[in-house]
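Asker: Letter 132 of the sequence shown, counting from 1, is numbered 309 in my numbering, and no numbers are missing.
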Amino acid sequence: MAASLPPMAIMDFVQRFQALQLQRDTSDELIKDLLIYCERVESGLRHENSRLAKELEDAQLDLEDARKSRRDLQLQLNLATARMGQFNADCDSMRNRNPYIMVLIDGDGMIVGVLAIRLEAIADHLQFNENLIGQGLEGGKTAANALRNSVLQHCSELTDEIEVMAKVCANITGLSKAMRRDGSLDSPDDLREFTLGFTQGKASFDFIDVGHGKERADSKIKECMRWHLRNHNCKQILLGISHDAGYAPFLDEVVTPDDRCRITIIEGCPTVRELAQTGLQILNFNNIFRSEKLIPRLPTPPSTWAGVTSIAPPPPIASPVISIKNGVAPAPTGKKPTIPPAQKSTWSPGPRGLDPPITVNATVLDKIKRRTTNNKLCNNHYLRGPCAKGNDCCFEHDYKATDEDLKAIAYLTRLNPCLNGQNCELEFCIYGHHCPSVVILPAANGKDKEPVCQAFGCRFGREDHPPGTTIKHPRKERWEKDYERY
178 MAASLPPMAI MDFVQRFQAL QLQRDTSDEL IKDLLIYCER VESGLRHENS RLAKELEDAQ
238 LDLEDARKSR RDLQLQLNLA TARMGQFNAD CDSMRNRNPY IMVLIDGDGM IVGVLAIRLE
298 AIADHLQFNE NLIGQGLEGG KTAANALRNS VLQHCSELTD EIEVMAKVCA NITGLSKAMR
358 RDGSLDSPDD LREFTLGFTQ GKASFDFIDV GHGKERADSK IKECMRWHLR NHNCKQILLG
418 ISHDAGYAPF LDEVVTPDDR CRITIIEGCP TVRELAQTGL QILNFNNIFR SEKLIPRLPT
478 PPSTWAGVTS IAPPPPIASP VISIKNGVAP APTGKKPTIP PAQKSTWSPG PRGLDPPITV
538 NATVLDKIKR RTTNNKLCNN HYLRGPCAKG NDCCFEHDYK ATDEDLKAIA YLTRLNPCLN
598 GQNCELEFCI YGHHCPSVVI LPAANGKDKE PVCQAFGCRF GREDHPPGTT IKHPRKERWE
658 KDYERY
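1. Would you check if the segment 368-379 and the segment 411-422 touch, i.e. whether three or more CB-CB distances between them fall below 8 Å?
2. Hey, Gly316 and Phe371 are a contact pair by Cβ (cut 8 Å); roughly how many whole angstroms apart?
3. In angstroms, rounded to a whole number, what distance separates the CA positions of Asn552 and Glu338?
4. Is the shortest distance between the beta-carbon of Leu240 and the beta-carbons of chain C less than 7 Å?
5. With three or more beta-carbon pairs closer than 8 Å as the criterion, would you say the segment 526-533 touches the segment 570-579?
6. Under 8 Å by Cβ, that's how I've got Asp367 and Gly313 pegged, so tell me the actual separation to the nearest angstrom.
7. How many Å lie between Pro365 and Trp524 at the Cα?
8. Using CA coordinates, which residue listed in Gln251, Glu392, Ala257, Asn322 is at the minimum distance from Glu340?
9. Determine the DSSP secondary structure at Thr647, reduced to helix, strand or coil.
10. Would you please state the rounded distance, in angstroms, between the beta carbons of Val615 and Pro643? I believe it to be under 8 Å.
11. Exposed or buried, Cys438, counting other C-beta atoms within 10 Å across all chains shown (16 or more means buried)?
12. Over what stretch of residues does the alpha helix (DSSP H) that includes Glu451 continue unbroken?
13. Return the chain-ordered ranges of every beta strand (DSSP E) run that is complete within the segment 413-463 and spans a minimum of 3 residues.
14. Roughly how many whole angstroms lie between the Cα atoms of Thr258 and Ala266?
15. Quick one: what's Gly638 bridged to in DSSP?
16. Once you ignore the five residues that flank Asp235 on each side, which residues in its own chain have a CB closer than 6 Å to its CB?
17. Exposed or buried, Arg547, counting other C-beta atoms within 10 Å across all chains shown (16 or more means buried)?
18. Residues in its own chain within less than 7 Å of Glu581 by CB, not counting five upstream and five downstream?
19. So the alpha helix (DSSP H) Val541 belongs to, where does it begin and stop?
20. Could you have a look at Gly609 and say whether DSSP puts it in helix, strand or coil?
21. If contacts are defined as beta-carbon pairs under 8 Å, then Thr350 and Glu602 qualify, I think. What distance do you get, rounded to the angstrom?
22. Pick out whichever of Cys411, Lys399, Lys412 has its Cα sitting closest to the Cα of Asp429.
23. Check whether the Cβ atoms of Lys344 and Leu281 sit closer than 7 Å, and answer yes or no.
24. Comparing C-alpha positions only, which one of Thr579, Ile187, Lys397, Lys626 sits nearest to Gly284?
25. Taking the beta carbon of Val328 as the centre, do at least 16 other beta carbons fall within 10 Å, making it buried, or is it exposed?
26. Can you tell me where the alpha helix (DSSP H) holding Asp366 begins and where it ends?
27. How would you write the range of the beta strand (DSSP E) that Cys346 sits in, first residue to last?
28. Starting from Val218, follow its DSSP beta bridges and name the residues at the other end.
29. Got a sec? Which residues, its chain only, sit under 6 Å from Pro276 by beta carbon, not counting five neighbours each side?
30. Between Arg441 and Leu457, how many whole angstroms is the CB-CB distance? I'm expecting something under 8 Å.
31. In the structure shown, what three-state DSSP assignment does Leu589 receive?
32. Exposed or buried, which one is Ser353 when buried takes at least 16 other CB atoms within 10 Å?
33. Just how far apart, CA to CA, sit Gly567 and Val432?
34. Contact check, Cys606 vs Asp641 under 8 Å by CB: the rounded distance?
35. Would you call Glu216 buried or exposed, if buried means 16 or more other Cβ atoms sit within 10 Å of its Cβ?
Here it is in C-alpha cells:
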C-alpha cells in the first residue's frame, strides 16, 4: 500500500519537517532572548532594591538623629524660655526697685533771677511767710519738706514707695547779693543757714554751691540729667529751668520720644518760648516757687557791716581811702572830720577789682584804734556776725557799735591782706584785696601826680599797688631795702 503512495508526498513531509524545524529554532531564540532580558531586568531591580534599602537605612538613621536633636532643642528651648522669663522678672524687679523722682533746679535762674523759695508758699495747709529764709536752718528744712510733699502729690500715680531726690545748684554768693537787692534777705548768713537746712531736711536733698563762674550751674544740671535719664529706676525728672532758653538745644539732643513722658519742666516765671516749643510737660509749683522776678528795692537802715557796704554799689573804679598821716588823727573840731575818698583811678589790681571806698570819721577811727589788748574789738564779730569762738575769744564782743564804728573797724581790718587776694569770691570779705593806703599826691615837679603808699610797714605785695607807687615805709621782710619805685 505504501508502494502505491506517490513519491511527491515524502517531499512534502520533508518540507513540513524543515518548516517545523525552523519554527522551533525561532521559538528557542525567542525563549533565549526572553531569558536574557529577564536576567537583565532582574539584575537592575536587584541593584535598585539594594540602593533603596541603603537609602531607607540612612533615612531611618537620620530620622532617629532628628528625633534626638529635636528633643534636645526642645529641652534647650524650654530652659531658655524659663531663663528668659526669670531674666524679665529680674529686670522688672530691678527697674522697679528703689524708684525715685529726680528734681534738678538751676538756682542761678530759678532763685537768683526768677524764683527764690517763695515766701508765701502753702504746702499741706501750712502757710509760709517772709520769715522763711530768716528762720535759717529750720526754714530750709521746712522748704525741703514742702518741695517733697508737692512732688509726691503731683506724681502720686507712679508708686506708693518712691523716693524724691533734689539738687539745687546755685552760686550762693550771687544769690545772696540778688536777694539782698530784692529786699528779701537781711544777712548772707541767713541764706547759708537756709541752704544748710534744705540739705539737712532730707537725706536725698542737696543745695550745692557751684561758686562764681558762667554756666557752672547749667553744666552740672545737664550732666546730672543725662546720667539719671539713662537710669531706669528714675521714673520722672523735674527740671527747674523754665527761665533759661539755653536748655532747649540740650533737651532736643538728649530726649528721645520714649523719654518725653519722663521729663517735666517746673514753671516758676512763665516758661520761655524755646522750652515751650519742646513739647515737654510743664508743671506749676505755685505753692513752692514764686512767679515774679527779684526786683531791687530800697534798702533798710543797716545794722551790720554787710548792710553798710551793700546800701549802694561802689562808684566806678575809685582808689581806696586816704589813711591818716603818721597814724594820728587830727584834733576834733566843731564839725566831725572825715577821711574822704581819694581821687579816681583807672588802675585795676585784678579780676576782683578795687574794694569799695570807705569814708571814715577820723575821730571815731582814732577812738577804735586806742582800744588795745582785751579791750580791742573783735573784727569777725562786728563785721561777719557772731564770733565762732564765743566766750573763748580774747576780743571785745559786748560793745554796741554804731555805723561809724563799723566803718572804722572795716577800714582797719582792710589793712590786712586777704589770703586769696584778687581770686577771693566772698562778696562781703572783710580783708583788703589791694593796698588801701595809696593816695595820689603831687609829684616833685609840682605838675604831675603820683601814687604814694603811706602805710607803716605795708603788708601788701607789689602787685597790690598801682604801678609807679612810692613806698614811704616798706616792710623789711616783704620789700627789698633798695626798693623805692616800680
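Every residue gets a Cβ at the ideal spot worked out from N, C-alpha and C, and that includes glycine.
Quick caveat: nothing in here was measured; it's all calculated off a predicted structure.
Answerer: So, from the listed chains and residues:
1. no
2. By 1-based counting over the sequence shown, the position of residue 316 is 139. By 1-based counting over the sequence shown, the position of residue 371 is 194. About 5 Å; that satisfies the 8 Å criterion.
3. The residue given as residue 552 occupies position 375 in the sequence shown. The residue given as residue 338 occupies position 161 in the sequence shown. If you take the alpha carbons of Asn552 and Glu338, they lie about 60 Å apart.
4. Checking the listed chains, one finds no chain C in this structure; it contains a single protein chain.
5. no
6. Taking the sequence shown and counting its residues from 1, the one referred to as residue 367 is at position 190. Taking the sequence shown and counting its residues from 1, the one referred to as residue 313 is at position 136. Yes, they are in contact, since the Cβ atoms of Asp367 and Gly313 sit about 5 Å apart, within 8 Å.
7. Within the sequence shown, residue 365 is the residue found at index 188, counting from 1. Within the sequence shown, residue 524 is the residue found at index 347, counting from 1. Distance between the alpha carbons of Pro365 and Trp524 is about 30 Å.
8. Against the sequence shown, residue 340 aligns to sequence position 163. Checked all of Gln251, Glu392, Ala257, Asn322; the closest Cα to Glu340 is Asn322.
9. Taking the first residue of the sequence shown as position 1, residue 647 is located at position 470. In this structure, Thr647 counts as strand in the three-state DSSP scheme.
10. Residue 615 sits at position 438 when you count from the first residue of the sequence shown. Residue 643 sits at position 466 when you count from the first residue of the sequence shown. Right, the Cβ-Cβ distance comes to about 6 Å (below 8 Å), so this counts as a contact.
11. Translated into positions along the sequence shown, residue 438 becomes position 261. Classification of Cys438: exposed, given that the 10 Å Cβ count is below 16.
12. Taking the first residue of the sequence shown as position 1, residue 451 is located at position 274. Element bounds for Glu451: 450-453.
13. 440-444, 458-461
14. What you label residue 258 is simply residue 81 of the sequence shown in a count that begins at 1. What you label residue 266 is simply residue 89 of the sequence shown in a count that begins at 1. Each residue's alpha carbon lies about 12 Å from the other.
15. Sequence index remark: in the sequence shown, residue 638 carries index 461 (1-based). Gly638 is not bridged to any residue.
16. Translated into positions along the sequence shown, residue 235 becomes position 58. Here the set comprises nothing.
17. Your numbering for residue 547 matches position 370 in the sequence shown. Answer is exposed; the Cβ neighbour count stays below 16.
18. Counted from its first residue, the sequence shown places residue 581 at position 404. Cβ neighbours of Glu581 beyond the five flanking positions: Asn538, Val541.
19. For this step, residue 541 is matched to residue 364 along the sequence shown. Its alpha helix (DSSP H) spans residues 539-546.
20. As a working note, residue 609 is residue 432 in the sequence shown. Reduced to three states, the DSSP call for Gly609 is strand.
21. The sequence position of residue 350 within the sequence shown is 173, counting from 1. The sequence position of residue 602 within the sequence shown is 425, counting from 1. 6 Å between Cβ atoms; contact.
22. Locating residue 429 in the sequence shown gives position 252, where the first residue counts as 1. Out of Cys411, Lys399, Lys412, Lys399 has the C-alpha closest to the C-alpha of Asp429.
23. Counted from its first residue, the sequence shown places residue 344 at position 167. Counted from its first residue, the sequence shown places residue 281 at position 104. In this structure, Leu281 lies closer than 7 Å to Lys344 by Cβ.
24. Within the sequence shown, the letter at position 107 stands for residue 284. Nearest option by C-alpha distance: Lys397.
25. Here the question's residue 328 lines up with position 151 in the sequence shown. Buried, since its Cβ has 16 or more Cβ neighbours within 10 Å.
26. Indexing the sequence shown from 1 puts residue 366 at position 189. Here the alpha helix (DSSP H) through Asp366 covers 365-378.
27. Taking the sequence shown and counting its residues from 1, one reaches residue 346 at position 169. Segment 340-347, the beta strand (DSSP E) holding Cys346.
28. As a first step, residue 218 is located in the sequence shown; it is residue number 41 there, counting from the start. Answer by DSSP bridge pairing: none, since Val218 is not bridged.
29. Your numbering for residue 276 matches position 99 in the sequence shown. These residues qualify, in order along the chain: Thr336, Ile339, Asn410, Lys412.
30. For the purposes of this step, residue 441 is identified with residue 264 of the sequence shown, where counting begins at 1. For the purposes of this step, residue 457 is identified with residue 280 of the sequence shown, where counting begins at 1. According to the sequence as given, residue 441 is Thr; it is not Arg. With a Cβ gap of about 7 Å, Thr441 and Leu457 count as contacting.
31. Counting from 1 along the sequence shown, the entry for residue 589 is found at position 412. Three-state result, Leu589: helix.
32. For this step, residue 353 is matched to residue 176 along the sequence shown. Ser353 comes out buried.
33. Position 390 of the sequence shown, counted from the first residue, corresponds to residue 567. Position 255 of the sequence shown, counted from the first residue, corresponds to residue 432. Taking the straight line joining both Cα atoms gives about 53 Å.
34. Indexing the sequence shown from 1 puts residue 606 at position 429. Indexing the sequence shown from 1 puts residue 641 at position 464. The Cβ separation is near 14 Å, so there is no contact.
35. Position 39 of the sequence shown, counting from 1, holds the residue named residue 216. Exposed, by the Cβ-count rule.
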